[in-house]
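If you read the sequence shown in my numbering, its first letter stands for residue 146, the second for the next number, and so on.
Built from N, CA and C at the ideal position, the CB exists for glycine as well.
In this text the structure is predicted, and so the values were computed from the model without any measurement.
Below is one structure, written out as C-alpha coordinates, with a few remarks after it.
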Amino acid sequence: MVLVILAFILSLVVGIPIAFVLGMTGIAHLVVINYPDIANIVPQRMFYGINVFSYMCIPFFIAAGQIMNKGGITQKIVDVSQEFVGFKRGGLAYTVVLVGMVLAAILGSANAVSVILCTIMIPAMVSSGYDEEFAGSLVASSGILGCIIPPSVDFVIYAVLAGVSVQKLFVGGILPGICLGFGFMAVIAITTKKKKYPKYKEHFEPGPAFKTLFTSLPALCVPVIIVGGVLAGVFTPTESGAVACVVATILGFAYRNLKIKDLPGIFASAALITAGIMLIISFGNVIGWTLAFDKVPEKLVQAITSTTTNPSLVMALVLGMLFLIGMVMEAFAAMIILVPVLYPLGEAMGYDPIHFGMIIIIMLTIALATPPVGMLLFTTSKVSGIHLNKLNKSIWPFVAAGMVVTIILAYVPQITTFLPNLLYGK
(Lines of atoms letter the chains of each structure in order from A and count residues from 1; the text may use other names and numbers.)
(Lines give C-alpha, C1' and ligand atoms only; values in the text may rest on other atoms or scores of the structure.)
Protein backbone atom coordinates (compact mmCIF):
# COMPACT_ATOMS: atom_id res chain seq x y z
CA MET A 1 0.00 0.00 0.00
CA VAL A 2 2.87 2.37 0.82
CA LEU A 3 4.42 1.75 -2.61
CA VAL A 4 1.07 2.49 -4.29
CA ILE A 5 0.80 5.81 -2.41
CA LEU A 6 4.37 6.75 -3.35
CA ALA A 7 3.69 5.88 -7.00
CA PHE A 8 0.56 8.03 -6.88
CA ILE A 9 2.46 11.04 -5.50
CA LEU A 10 5.34 10.59 -7.96
CA SER A 11 2.92 10.43 -10.90
CA LEU A 12 1.35 13.72 -9.82
CA VAL A 13 4.75 15.36 -9.40
CA VAL A 14 5.94 14.43 -12.89
CA GLY A 15 2.78 15.90 -14.41
CA ILE A 16 0.81 12.87 -15.61
CA PRO A 17 -2.87 13.87 -16.12
CA ILE A 18 -4.88 13.17 -12.98
CA ALA A 19 -7.36 10.86 -14.72
CA PHE A 20 -4.59 8.49 -15.80
CA VAL A 21 -2.89 8.75 -12.40
CA LEU A 22 -6.12 7.55 -10.79
CA GLY A 23 -6.47 4.70 -13.27
CA MET A 24 -2.87 3.52 -12.92
CA THR A 25 -3.01 3.75 -9.12
CA GLY A 26 -6.23 1.75 -8.99
CA ILE A 27 -4.77 -0.98 -11.20
CA ALA A 28 -1.52 -1.00 -9.19
CA HIS A 29 -3.50 -1.43 -5.98
CA LEU A 30 -5.41 -4.37 -7.48
CA VAL A 31 -2.08 -5.97 -8.43
CA VAL A 32 -0.70 -5.47 -4.91
CA ILE A 33 -3.74 -7.11 -3.28
CA ASN A 34 -3.63 -9.94 -5.88
CA TYR A 35 -7.12 -9.37 -7.27
CA PRO A 36 -7.79 -12.29 -9.66
CA ASP A 37 -9.80 -10.64 -12.47
CA ILE A 38 -8.30 -7.19 -13.11
CA ALA A 39 -9.04 -7.20 -16.86
CA ASN A 40 -12.79 -7.39 -16.23
CA ILE A 41 -13.23 -5.37 -13.04
CA VAL A 42 -11.44 -2.20 -14.28
CA PRO A 43 -13.68 -1.47 -17.33
CA GLN A 44 -16.72 -2.61 -15.32
CA ARG A 45 -16.04 -0.11 -12.51
CA MET A 46 -15.24 2.63 -15.04
CA PHE A 47 -18.65 2.13 -16.65
CA TYR A 48 -20.54 1.96 -13.35
CA GLY A 49 -18.74 5.09 -12.20
CA ILE A 50 -20.32 7.25 -14.90
CA ASN A 51 -23.57 5.33 -15.45
CA VAL A 52 -25.35 7.74 -13.10
CA PHE A 53 -28.37 9.79 -14.20
CA SER A 54 -27.46 12.69 -11.87
CA TYR A 55 -24.31 13.37 -13.89
CA MET A 56 -26.47 14.39 -16.86
CA CYS A 57 -26.53 17.94 -15.49
CA ILE A 58 -22.75 18.44 -15.90
CA PRO A 59 -22.59 19.15 -19.68
CA PHE A 60 -25.65 21.40 -19.43
CA PHE A 61 -24.14 23.58 -16.71
CA ILE A 62 -20.90 23.88 -18.67
CA ALA A 63 -22.77 24.82 -21.86
CA ALA A 64 -24.94 27.29 -19.91
CA GLY A 65 -21.86 29.16 -18.74
CA GLN A 66 -20.52 29.55 -22.26
CA ILE A 67 -23.93 30.57 -23.63
CA MET A 68 -24.31 33.21 -20.90
CA ASN A 69 -20.92 34.69 -21.69
CA LYS A 70 -21.54 34.72 -25.44
CA GLY A 71 -25.11 35.97 -25.06
CA GLY A 72 -24.22 39.00 -22.96
CA ILE A 73 -26.15 37.76 -19.93
CA THR A 74 -23.10 37.90 -17.68
CA GLN A 75 -22.44 41.52 -18.65
CA LYS A 76 -25.99 42.43 -17.61
CA ILE A 77 -25.37 40.95 -14.15
CA VAL A 78 -22.08 42.86 -13.90
CA ASP A 79 -23.78 46.14 -14.90
CA VAL A 80 -26.37 45.83 -12.13
CA SER A 81 -23.76 45.01 -9.48
CA GLN A 82 -21.62 47.98 -10.52
CA GLU A 83 -24.57 50.36 -10.28
CA PHE A 84 -25.48 49.29 -6.74
CA VAL A 85 -22.01 48.89 -5.13
CA GLY A 86 -19.77 50.89 -7.47
CA PHE A 87 -20.02 54.04 -5.34
CA LYS A 88 -18.14 52.32 -2.47
CA ARG A 89 -14.34 52.37 -2.35
CA GLY A 90 -13.27 49.16 -4.04
CA GLY A 91 -16.68 48.91 -5.69
CA LEU A 92 -15.42 46.85 -8.63
CA ALA A 93 -13.91 44.33 -6.21
CA TYR A 94 -17.23 43.94 -4.40
CA THR A 95 -18.84 43.56 -7.82
CA VAL A 96 -16.62 40.55 -8.55
CA VAL A 97 -17.87 38.73 -5.45
CA LEU A 98 -21.53 39.63 -6.08
CA VAL A 99 -21.33 38.54 -9.71
CA GLY A 100 -19.52 35.37 -8.62
CA MET A 101 -22.38 34.56 -6.25
CA VAL A 102 -25.00 35.10 -8.96
CA LEU A 103 -23.05 33.08 -11.53
CA ALA A 104 -22.56 30.31 -8.97
CA ALA A 105 -26.34 30.03 -8.68
CA ILE A 106 -26.49 29.35 -12.43
CA LEU A 107 -23.35 27.50 -13.49
CA GLY A 108 -22.45 25.14 -10.63
CA SER A 109 -18.74 25.11 -11.51
CA ALA A 110 -15.74 26.91 -10.00
CA ASN A 111 -13.76 26.97 -13.24
CA ALA A 112 -16.72 28.27 -15.25
CA VAL A 113 -17.23 31.16 -12.81
CA SER A 114 -13.51 32.01 -12.81
CA VAL A 115 -13.19 32.01 -16.59
CA ILE A 116 -16.16 34.36 -17.01
CA LEU A 117 -14.91 36.73 -14.30
CA CYS A 118 -11.41 36.69 -15.82
CA THR A 119 -12.77 37.71 -19.19
CA ILE A 120 -14.95 40.57 -17.96
CA MET A 121 -13.75 41.84 -14.58
CA ILE A 122 -9.94 41.68 -14.54
CA PRO A 123 -9.46 44.08 -17.51
CA ALA A 124 -11.98 46.49 -15.95
CA MET A 125 -10.25 46.37 -12.55
CA VAL A 126 -6.72 46.82 -13.92
CA SER A 127 -7.76 49.75 -16.13
CA SER A 128 -9.38 51.36 -13.05
CA GLY A 129 -6.16 51.25 -11.03
CA TYR A 130 -6.29 47.93 -9.19
CA ASP A 131 -3.15 45.79 -8.92
CA GLU A 132 -3.42 42.92 -11.38
CA GLU A 133 -2.37 40.36 -8.76
CA PHE A 134 -5.17 41.53 -6.42
CA ALA A 135 -7.69 41.38 -9.26
CA GLY A 136 -6.52 37.91 -10.28
CA SER A 137 -6.51 36.47 -6.76
CA LEU A 138 -9.98 37.92 -6.11
CA VAL A 139 -11.33 36.31 -9.28
CA ALA A 140 -9.74 32.95 -8.41
CA SER A 141 -11.24 33.13 -4.91
CA SER A 142 -14.67 34.10 -6.20
CA GLY A 143 -14.58 31.02 -8.41
CA ILE A 144 -14.78 28.96 -5.21
CA LEU A 145 -18.37 30.14 -4.82
CA GLY A 146 -19.25 28.19 -7.98
CA CYS A 147 -18.88 24.94 -6.03
CA ILE A 148 -20.70 26.08 -2.89
CA ILE A 149 -23.76 28.11 -3.90
CA PRO A 150 -26.38 25.81 -5.46
CA PRO A 151 -26.72 24.33 -7.95
CA SER A 152 -23.29 22.71 -7.84
CA VAL A 153 -21.73 19.89 -9.82
CA ASP A 154 -19.69 18.99 -6.71
CA PHE A 155 -22.90 18.54 -4.71
CA VAL A 156 -24.22 16.14 -7.34
CA ILE A 157 -21.02 14.07 -7.25
CA TYR A 158 -20.97 13.94 -3.43
CA ALA A 159 -24.66 13.01 -3.30
CA VAL A 160 -24.09 10.10 -5.69
CA LEU A 161 -21.01 8.86 -3.81
CA ALA A 162 -22.54 9.19 -0.33
CA GLY A 163 -26.12 8.28 -1.21
CA VAL A 164 -27.63 11.46 0.24
CA SER A 165 -30.28 13.87 -1.07
CA VAL A 166 -29.08 16.27 -3.77
CA GLN A 167 -31.91 18.66 -2.90
CA LYS A 168 -30.86 18.83 0.75
CA LEU A 169 -27.27 19.50 -0.31
CA PHE A 170 -28.39 22.27 -2.64
CA VAL A 171 -30.40 23.95 0.11
CA GLY A 172 -27.62 23.37 2.65
CA GLY A 173 -25.13 25.22 0.45
CA ILE A 174 -27.02 28.53 0.42
CA LEU A 175 -25.96 29.94 3.82
CA PRO A 176 -22.35 28.61 3.69
CA GLY A 177 -21.95 30.16 0.22
CA ILE A 178 -23.21 33.53 1.46
CA CYS A 179 -20.89 33.33 4.50
CA LEU A 180 -17.94 32.62 2.22
CA GLY A 181 -18.85 35.60 0.04
CA PHE A 182 -18.95 37.87 3.11
CA GLY A 183 -15.56 36.50 4.16
CA PHE A 184 -14.06 37.56 0.83
CA MET A 185 -15.75 40.96 1.13
CA ALA A 186 -14.04 41.44 4.51
CA VAL A 187 -10.67 40.93 2.80
CA ILE A 188 -11.69 43.45 0.12
CA ALA A 189 -12.66 46.02 2.78
CA ILE A 190 -9.29 45.71 4.52
CA THR A 191 -7.25 45.72 1.29
CA THR A 192 -9.05 48.62 -0.37
CA LYS A 193 -8.72 50.74 2.77
CA LYS A 194 -4.99 50.02 2.89
CA LYS A 195 -4.27 50.54 -0.82
CA LYS A 196 -6.83 53.29 -1.49
CA TYR A 197 -8.40 51.58 -4.48
CA PRO A 198 -10.82 53.83 -6.40
CA LYS A 199 -14.58 53.98 -6.53
CA TYR A 200 -16.24 52.88 -9.76
CA LYS A 201 -18.50 55.95 -9.53
CA GLU A 202 -18.65 58.84 -7.08
CA HIS A 203 -22.28 58.63 -5.98
CA PHE A 204 -25.21 56.26 -6.05
CA GLU A 205 -27.61 57.45 -8.76
CA PRO A 206 -31.07 55.89 -8.28
CA GLY A 207 -32.33 56.71 -11.79
CA PRO A 208 -29.60 54.98 -13.85
CA ALA A 209 -29.30 52.20 -11.26
CA PHE A 210 -32.96 51.17 -11.40
CA LYS A 211 -33.03 51.59 -15.19
CA THR A 212 -30.12 49.14 -15.45
CA LEU A 213 -31.87 46.84 -12.98
CA PHE A 214 -35.04 46.86 -15.10
CA THR A 215 -33.24 46.09 -18.38
CA SER A 216 -31.21 43.34 -16.69
CA LEU A 217 -34.13 41.78 -14.83
CA PRO A 218 -34.46 38.76 -17.18
CA ALA A 219 -30.77 37.91 -16.63
CA LEU A 220 -31.15 38.25 -12.86
CA CYS A 221 -34.17 35.95 -12.94
CA VAL A 222 -32.08 33.02 -14.22
CA PRO A 223 -30.67 31.98 -10.81
CA VAL A 224 -34.09 32.56 -9.22
CA ILE A 225 -35.71 30.24 -11.78
CA ILE A 226 -33.07 27.54 -11.31
CA VAL A 227 -32.74 27.52 -7.52
CA GLY A 228 -36.41 28.34 -6.94
CA GLY A 229 -37.52 25.62 -9.34
CA VAL A 230 -35.46 23.01 -7.51
CA LEU A 231 -36.69 24.10 -4.07
CA ALA A 232 -40.31 24.19 -5.23
CA GLY A 233 -40.03 20.75 -6.79
CA VAL A 234 -40.85 22.00 -10.30
CA PHE A 235 -37.81 20.14 -11.61
CA THR A 236 -35.08 17.98 -10.11
CA PRO A 237 -31.50 19.13 -9.41
CA THR A 238 -30.41 17.02 -12.37
CA GLU A 239 -32.92 18.70 -14.67
CA SER A 240 -31.84 22.15 -13.43
CA GLY A 241 -28.77 21.97 -15.67
CA ALA A 242 -30.94 21.60 -18.76
CA VAL A 243 -33.21 24.41 -17.54
CA ALA A 244 -30.18 26.70 -17.09
CA CYS A 245 -29.05 25.90 -20.63
CA VAL A 246 -32.48 26.53 -22.18
CA VAL A 247 -33.10 29.79 -20.28
CA ALA A 248 -29.61 31.09 -21.10
CA THR A 249 -30.13 30.27 -24.80
CA ILE A 250 -33.51 32.05 -24.93
CA LEU A 251 -32.09 35.15 -23.24
CA GLY A 252 -29.01 35.11 -25.47
CA PHE A 253 -31.24 35.26 -28.54
CA ALA A 254 -33.52 37.85 -26.90
CA TYR A 255 -30.56 40.14 -26.22
CA ARG A 256 -29.43 39.54 -29.84
CA ASN A 257 -25.87 38.67 -28.81
CA LEU A 258 -26.12 34.93 -29.41
CA LYS A 259 -26.27 33.55 -32.95
CA ILE A 260 -27.30 30.09 -34.11
CA LYS A 261 -23.87 29.67 -35.70
CA ASP A 262 -22.31 30.03 -32.21
CA LEU A 263 -24.10 26.98 -30.80
CA PRO A 264 -22.12 24.14 -32.45
CA GLY A 265 -18.84 25.51 -31.11
CA ILE A 266 -20.32 26.01 -27.64
CA PHE A 267 -21.74 22.48 -27.50
CA ALA A 268 -18.51 20.95 -28.84
CA SER A 269 -16.49 22.77 -26.17
CA ALA A 270 -18.92 21.68 -23.45
CA ALA A 271 -18.69 18.08 -24.67
CA LEU A 272 -14.89 18.16 -24.57
CA ILE A 273 -14.80 19.56 -21.02
CA THR A 274 -17.44 17.05 -19.90
CA ALA A 275 -15.43 14.19 -21.38
CA GLY A 276 -12.45 15.21 -19.25
CA ILE A 277 -14.58 15.29 -16.11
CA MET A 278 -16.17 11.92 -16.92
CA LEU A 279 -12.73 10.38 -17.45
CA ILE A 280 -11.67 11.54 -13.99
CA ILE A 281 -14.88 10.18 -12.45
CA SER A 282 -14.63 6.81 -14.23
CA PHE A 283 -10.98 6.19 -13.31
CA GLY A 284 -11.63 7.59 -9.84
CA ASN A 285 -14.35 4.99 -9.34
CA VAL A 286 -11.78 2.27 -10.02
CA ILE A 287 -9.50 3.42 -7.21
CA GLY A 288 -12.48 4.13 -4.95
CA TRP A 289 -13.74 0.58 -5.46
CA THR A 290 -10.30 -0.95 -4.84
CA LEU A 291 -9.97 0.98 -1.57
CA ALA A 292 -13.41 -0.22 -0.49
CA PHE A 293 -12.58 -3.81 -1.53
CA ASP A 294 -9.41 -3.65 0.58
CA LYS A 295 -11.51 -2.29 3.50
CA VAL A 296 -9.48 0.93 3.70
CA PRO A 297 -12.46 2.99 5.00
CA GLU A 298 -13.03 0.54 7.85
CA LYS A 299 -9.30 0.51 8.67
CA LEU A 300 -9.21 4.32 8.71
CA VAL A 301 -12.22 4.52 11.04
CA GLN A 302 -10.66 1.95 13.37
CA ALA A 303 -7.29 3.73 13.35
CA ILE A 304 -8.76 7.15 14.17
CA THR A 305 -11.35 5.96 16.70
CA SER A 306 -8.68 3.93 18.51
CA THR A 307 -6.69 7.16 18.88
CA THR A 308 -9.56 9.50 19.79
CA THR A 309 -13.34 9.45 19.87
CA ASN A 310 -13.64 13.21 20.32
CA PRO A 311 -15.73 14.44 17.34
CA SER A 312 -14.18 17.93 17.51
CA LEU A 313 -10.64 16.56 17.31
CA VAL A 314 -11.60 14.19 14.49
CA MET A 315 -13.10 17.14 12.58
CA ALA A 316 -9.83 19.06 12.99
CA LEU A 317 -7.88 16.09 11.60
CA VAL A 318 -10.28 15.79 8.66
CA LEU A 319 -10.02 19.52 7.88
CA GLY A 320 -6.22 19.38 7.86
CA MET A 321 -6.14 16.27 5.69
CA LEU A 322 -8.63 17.69 3.18
CA PHE A 323 -6.68 20.93 2.87
CA LEU A 324 -3.35 19.19 2.29
CA ILE A 325 -4.78 16.71 -0.23
CA GLY A 326 -6.73 19.44 -2.02
CA MET A 327 -3.53 21.44 -2.52
CA VAL A 328 -2.04 18.72 -4.73
CA MET A 329 -5.10 17.03 -6.28
CA GLU A 330 -8.01 18.14 -8.43
CA ALA A 331 -11.19 18.45 -6.33
CA PHE A 332 -13.28 16.02 -8.42
CA ALA A 333 -10.62 13.32 -8.12
CA ALA A 334 -10.03 13.95 -4.42
CA MET A 335 -13.75 13.73 -3.71
CA ILE A 336 -14.16 10.47 -5.60
CA ILE A 337 -11.32 8.93 -3.58
CA LEU A 338 -12.03 10.48 -0.18
CA VAL A 339 -15.84 10.42 0.14
CA PRO A 340 -16.09 6.58 0.25
CA VAL A 341 -13.25 6.62 2.81
CA LEU A 342 -14.38 9.53 5.01
CA TYR A 343 -18.16 9.06 4.92
CA PRO A 344 -18.07 5.99 7.24
CA LEU A 345 -15.86 8.01 9.61
CA GLY A 346 -18.41 10.82 9.63
CA GLU A 347 -21.18 8.32 10.39
CA ALA A 348 -19.12 6.80 13.22
CA MET A 349 -18.62 10.25 14.74
CA GLY A 350 -22.32 11.09 14.46
CA TYR A 351 -21.94 13.96 11.97
CA ASP A 352 -24.94 15.02 9.92
CA PRO A 353 -24.23 13.71 6.37
CA ILE A 354 -25.26 17.01 4.74
CA HIS A 355 -23.06 19.04 7.09
CA PHE A 356 -20.11 16.64 6.75
CA GLY A 357 -20.41 16.65 2.97
CA MET A 358 -20.52 20.44 2.90
CA ILE A 359 -17.27 20.62 4.89
CA ILE A 360 -15.56 18.15 2.53
CA ILE A 361 -16.66 20.10 -0.55
CA ILE A 362 -15.80 23.55 0.84
CA MET A 363 -12.38 22.49 2.10
CA LEU A 364 -11.40 20.82 -1.17
CA THR A 365 -12.71 23.81 -3.12
CA ILE A 366 -10.70 26.32 -1.06
CA ALA A 367 -7.66 24.19 -1.82
CA LEU A 368 -8.43 24.76 -5.53
CA ALA A 369 -7.24 28.34 -5.00
CA THR A 370 -4.23 27.40 -2.87
CA PRO A 371 -0.63 27.14 -4.13
CA PRO A 372 1.23 25.21 -5.35
CA VAL A 373 -1.29 23.24 -7.45
CA GLY A 374 -4.49 25.26 -7.10
CA MET A 375 -6.36 24.67 -10.36
CA LEU A 376 -8.24 27.98 -10.10
CA LEU A 377 -4.90 29.80 -9.97
CA PHE A 378 -3.76 28.03 -13.15
CA THR A 379 -7.08 28.85 -14.85
CA THR A 380 -6.94 32.51 -13.82
CA SER A 381 -3.30 32.86 -14.85
CA LYS A 382 -3.90 31.24 -18.24
CA VAL A 383 -7.00 33.25 -19.11
CA SER A 384 -5.86 36.63 -17.73
CA GLY A 385 -2.16 36.45 -18.57
CA ILE A 386 -1.17 37.33 -14.97
CA HIS A 387 2.01 35.52 -13.91
CA LEU A 388 1.30 32.55 -11.65
CA ASN A 389 3.90 33.62 -9.06
CA LYS A 390 2.03 36.90 -8.51
CA LEU A 391 -1.20 35.04 -7.86
CA ASN A 392 0.52 32.57 -5.54
CA LYS A 393 1.68 35.44 -3.32
CA SER A 394 -1.51 37.51 -3.31
CA ILE A 395 -4.07 34.73 -2.83
CA TRP A 396 -3.30 33.98 0.83
CA PRO A 397 -5.59 36.58 2.50
CA PHE A 398 -8.54 35.10 0.60
CA VAL A 399 -7.47 31.54 1.49
CA ALA A 400 -7.20 32.57 5.15
CA ALA A 401 -10.70 34.09 5.06
CA GLY A 402 -12.05 30.91 3.48
CA MET A 403 -10.37 28.78 6.14
CA VAL A 404 -11.82 30.87 8.98
CA VAL A 405 -15.33 30.60 7.50
CA THR A 406 -14.93 26.84 6.98
CA ILE A 407 -13.78 26.29 10.57
CA ILE A 408 -16.83 28.22 11.81
CA LEU A 409 -19.08 26.12 9.55
CA ALA A 410 -17.41 22.91 10.76
CA TYR A 411 -18.09 23.62 14.41
CA VAL A 412 -21.46 25.35 13.99
CA PRO A 413 -23.32 22.76 11.87
CA GLN A 414 -26.63 24.57 12.29
CA ILE A 415 -25.53 27.11 9.65
CA THR A 416 -25.57 24.30 7.08
CA THR A 417 -28.42 22.19 8.40
CA PHE A 418 -30.92 24.93 9.31
CA LEU A 419 -32.50 25.37 5.86
CA PRO A 420 -32.57 21.65 4.88
CA ASN A 421 -34.17 20.74 8.22
CA LEU A 422 -36.63 23.62 7.90
CA LEU A 423 -37.74 22.67 4.39
CA TYR A 424 -37.42 18.87 4.41
CA GLY A 425 -37.30 17.90 8.09
CA LYS A 426 -34.54 15.98 9.83
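Query, Result
"Suppose you measure from the CA of L262 to the CA of V197; what does that come to, to the nearest Å?", "31 Å"
"Would you mind listing the beta strand (DSSP E) stretches within the segment 494-564 that are 3+ residues and don't spill past its ends, in chain order?", "none"
"For K215, which three-state DSSP category applies?", "helix"
"Tell me which residues share the same chain as I418 and place their Cβ nearer than 6 Å to its Cβ, disregarding the 5 neighbours each side in the sequence.", "I207"
"Around the C-beta of T383, are 16 or more other C-beta atoms found within 10 angstroms, so that it is buried, or is it exposed?", "buried"
"Just curious, the alpha helix (DSSP H) that S310 is in, first and last residue?", "Where S310 is concerned, there is no enclosing alpha helix (DSSP H), given that its DSSP letter is neither H nor E."
"Keeping to the same chain, check which residues put their C-beta closer than 7 Å to that of V225; ignore five residues upstream and five downstream.", "T357, L358, S361, L365"
"Pick from L167, R234, V557, V431: whose alpha carbon is nearest that of G274?", "R234"
"Which residue spans inside the segment 406-476 form an unbroken alpha helix (DSSP H) run of at least 4?", "408-438, 441-452, 456-473"
"Thinking I449 and L462 are a contact (beta carbons under 8 Å), I'd like their distance in whole angstroms, please.", "7 Å"
"Using C-beta distances below 6 Å, list every residue in its chain close to A164, excluding the 5 sequence neighbours before and after it, in chain order.", "L424, I425, F428"
"With DSSP run on the structure shown, which of helix, strand or coil describes K341?", "coil"
"Does the contact criterion of 3 or more C-beta pairs under 8 Å hold for the segment 494-509 versus the segment 300-308?", "yes"
"Can you give me the C-alpha to C-alpha distance between I335 and L567, rounded to a whole angstrom?", "35 Å"
"For the alpha helix (DSSP H) holding Y239, just list the boundary residues, first then last.", "236-252"
"Have a look at V459, E228, Q220 and flag the residue whose alpha-carbon is nearest the alpha-carbon of Y488.", "V459"
"Excluding the 5 residues flanking G328 on each side, which residues of the same chain have their C-beta closer than 7 Å to its C-beta?", "A546, G547, V549, V550"
"Quick check on Y488: does DSSP put it in helix, strand or coil?", "helix"
"Measuring CB atoms only, is the segment 513-532 touching the segment 280-290, in the sense that at least three cross pairs come out at less than 8 Å?", "yes"
"According to DSSP, simplified to helix, strand and coil, what is L167?", "helix"
"Leaving aside the five residues before and after G374 along the sequence, list all residues of the same chain whose C-beta is less than 8 Å from its C-beta, in chain order.", "F380, S385, V388"
"Whole-angstrom Cβ separation of S539 and F279, contact assumed at under 8 Å?", "6 Å"
"Could you spell out the range, first to last residue, of the alpha helix (DSSP H) harbouring I267?", "255-272"
"When you compare the segment 479-494 with the segment 430-439, are there three or more beta-carbon pairs, one atom per stretch, that lie closer than 8 Å?", "yes"
"By a C-beta neighbour count over all protein chains shown, 10 Å radius and 16 as the cutoff for buried, is D497 buried or exposed?", "buried"
"Given a cut-off of 9 Å on the beta-carbon distance, is the pair L290 and V258 in contact?", "yes"
"For M466, count neighbouring Cβ atoms within 10 angstroms of its own Cβ and tell me buried if that reaches 16, exposed if not.", "exposed"
"If you compare alpha carbons, which of C324, P296, Y342 is closest to D276?", "Y342"
"So, with DSSP's three-state summary, where would you put Y180?", "coil"
"Assign R190 to one of three DSSP states: helix, strand, or coil.", "helix"
"Quick check on V557: buried or exposed, where buried means 16 or more other Cβ atoms within 10 Å of its Cβ?", "exposed"
"Does DSSP put H348 in a helix, in a strand, or in coil?", "coil"
"Thinking just about the alpha-carbon of each residue, which of L513, M169, P456 is nearest to the one in G495?", "P456"
"Using the C-alpha atoms, what's the distance from H174 back to S156?", "14 Å"
"In this structure, how does DSSP classify T360 when only helix, strand and coil are distinguished?", "helix"
"Would you tell me roughly how many angstroms separate the C-alpha atoms of G421 and E492, rounded to the nearest one?", "32 Å"
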